[in-house]
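Protein sequence lines, in the order shown, are assigned to chains V and U. Everything in the first sequence is counted per our numbering, starting at 226 for the first residue and increasing by one. Everything in the second sequence is counted per our numbering, starting at 590 for the first residue and increasing by one.
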Amino acid sequence: GDSVTQMEGPVTLSEEAFLTINCTYTATGYPSLFWYVQYPGEGLQLLLKATKADDKGSNKGFEATYRKETTSFHLEKGSVQVSDSAVYFCALSGRQGKSTFGDGTTLTVKP
Amino acid sequence: DAGVTQSPTHLIKTRGQQVTLRCSPKSGHDTVSWYQQALGQGPQFIFQYYEEEERQRGNFPDRFSGHQFPNYSSELNVNALLLGDSALYLCASSPGQGTLTDTQYFGPGTRLTVL
């Protein structure tokens with residue numbers, strides 16, 4: 226079946242550091258790929274998505290590119306802020322919208 | 590727009606009991622999916638409802654059942670509760686028949702504790 230593997234955390238960075246959270250997937254067909262974020266005390270919300278190979282999703286300074294050849298969708302941000310501290314989930318949506326999530330990566334950004 | 594709402598917020602049950610969780614989708618959304626999120630893990634897909642029918646199901650036993658009403662709201666029922674059913678249960682809604690490109694909007698979840 227479908228699966229998502231993401232970088233284990235927790236990840237701790239200083240403000241303005243570069244962020245990469247790795248995500249790889251296994252799926253049949255051509256899934257859509259998503260990054261969701263969960264801020265402390267809040268629900269899951271979409272951060273960005275890409276629906277076909279070579280698409281780049283972007284939002285709030287975060288980017289991820291759908292790489293079919295490496296089955297990856299790594300999340301990057303050039304300069305993180307304290308307000309980016311959250312749990313980040315990589316996910317895919319396969320046939321008929323069945324979704325599979327990774328286990329999440331906790332990011333803490335220190336001033 | 591109220592977004593996705595879930596009730597109750599918290600629930601405590603004992604082993605063997607039955608529980609019903611409720612979800613109202615975001616306005617204009619016709620597809621509802623349910624997830625179980627254990628502590629420290631990602632959400633696990635339980636099932637998805639569209640047009641009052643279960644369209645997709647994850648690897649959960651048939652103790653987990655659901656229903657979707659004509660107004661698109663949904664219920665998740667769990668029978669014969671086990672300690673391992675303790676988790677955060679998330680409801681997500683999406684438009685357009687829940688196709689694979691659709692963004693899902695999540696509710697805040699119901700925290701179920703089984704003693």
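Positions of the beta carbon are idealized from the N, C-alpha and C atoms, including for glycine.
Note the first and the last residue of the continuous beta strand (DSSP E) segment covering residue i.
{"i": "Tyr313 of chain V", "result": "311 to 318"}
{"i": "Phe326 of chain V", "result": "324 to 326"}
{"i": "Val259 of chain V", "result": "For the sequence presented, residue 259 of chain V should be read as Phe rather than Val. Unbroken beta strand (DSSP E) run through Phe259 of chain V: 257 to 263."}
{"i": "Lys274 of chain V", "result": "270 to 275"}
{"i": "His599 of chain U", "result": "599 to 602"}
{"i": "Tyr238 of chain V", "result": "For the sequence presented, residue 238 of chain V should be read as Leu rather than Tyr. Element bounds for Leu238 of chain V: 236 to 239."}
{"i": "Gln595 of chain U", "result": "594 to 596"}
{"i": "Val307 of chain V", "result": "Note, Val307 of chain V: premise wrong, no beta strand (DSSP E); not H, not E."}
{"i": "Leu332 of chain V", "result": "330 to 335"}
What are the residues that DSSP puts in a beta bridge with residue i?
{"i": "Glu643 of chain U", "result": "U:Tyr638"}
{"i": "Lys302 of chain V", "result": "V:Leu244, V:Phe287"}
{"i": "Glu664 of chain U", "result": "U:Arg611, U:His656"}
{"i": "Phe649 of chain U", "result": "Answer is none; Phe649 of chain U lacks a bridge partner."}
{"i": "Ala681 of chain U", "result": "U:Ser622, U:Phe695"}
{"i": "Lys281 of chain V", "result": "V:Thr290"}
{"i": "Thr249 of chain V", "result": "V:Thr230, V:Ser297"}
{"i": "Ala627 of chain U", "result": "Looking at the DSSP assignment, Ala627 of chain U forms no beta bridge with any residue, so it has no partner."}
{"i": "Ala591 of chain U", "result": "Bridge partners of Ala591 of chain U: none, in fact."}
{"i": "Gln633 of chain U", "result": "U:Gln625"}
{"i": "Leu672 of chain U", "result": "Answer by DSSP bridge pairing: none, since Leu672 of chain U is not bridged."}
{"i": "Leu701 of chain U", "result": "U:Leu600, U:Ala676"}
Using a Cβ-Cβ cutoff of less than 6 Å, which residues in the same chain neighbour residue i once the five nearest sequence positions on both sides are dropped?
{"i": "Thr276 of chain V", "result": "Ser257"}
{"i": "Val312 of chain V", "result": "Gln263, Gly329, Thr331"}
{"i": "Glu301 of chain V", "result": "Thr245, Glu288"}
{"i": "Glu641 of chain U", "result": "Gln657"}
Which same chain residues, not among the five before or five after residue i, have their C-beta less than 8 Å away from its C-beta?
{"i": "Lys323 of chain V", "result": "Asp227"}
{"i": "Leu269 of chain V", "result": "Tyr261, Val262, Gln263, Phe314"}
{"i": "Lys281 of chain V", "result": "Ala275, Glu288, Ala289, Thr290, Tyr291"}
Sorted by chain position, which residues of the same chain lie with C-beta nearer than 7 Å to residue i's C-beta, five sequence neighbours on each side aside?
{"i": "Ser310 of chain V", "result": "Leu332, Thr333, Val334"}
{"i": "Gln645 of chain U", "result": "Phe636, Gln637"}
{"i": "Pro336 of chain V", "result": "Glu240, Val307"}
{"i": "Arg320 of chain V", "result": "Gly254"}
{"i": "Phe326 of chain V", "result": "Val229, Phe314, Ala316"}
{"i": "Ala278 of chain V", "result": "Tyr291, Lys293"}
{"i": "Asp674 of chain U", "result": "Val667, Leu701, Val703"}
Residues of the segment 316 to 327 of chain V with Cβ closer than 8 Å to any Cβ of chain U, in chain order = Ala316, Ser318, Gly319, Arg320, Gln321, Gly322, Lys323, Ser324, Thr325, Phe326, Gly327
Under 7 Å (Cβ pairs) to chain V, residues found in the segment 627 to 641 of chain U = Gln630, Gly631, Pro632, Phe634, Gln637
Which of the residues in the segment 268 to 279 of chain V, read from start to end, lie with their CB under 8 Å from any CB of chain U?
-> Gly268, Leu269, Gln270, Leu271, Lys274, Thr276
Could you run through the segment 297 to 315 of chain V and flag, in chain order, every residue whose CB is less than 7 Å away from some CB of chain U?
-> Phe314
Using a Cβ-Cβ cut-off of less than 9 Å, list which residues of the segment 281 to 292 of chain V approach chain U; keep chain order.
-> none
Mind listing which residues of the segment 641 to 666 of chain U have their C-beta closer than 9 Å to chain V's C-betas, in chain order?
-> Arg644, Gln645, Arg646, Gly647, Asn648
Against chain V: residues of the segment 690 to 702 of chain U by CB proximity under 9 Å = Thr690, Asp691, Thr692, Gln693, Tyr694, Phe695, Gly696, Pro697, Gly698
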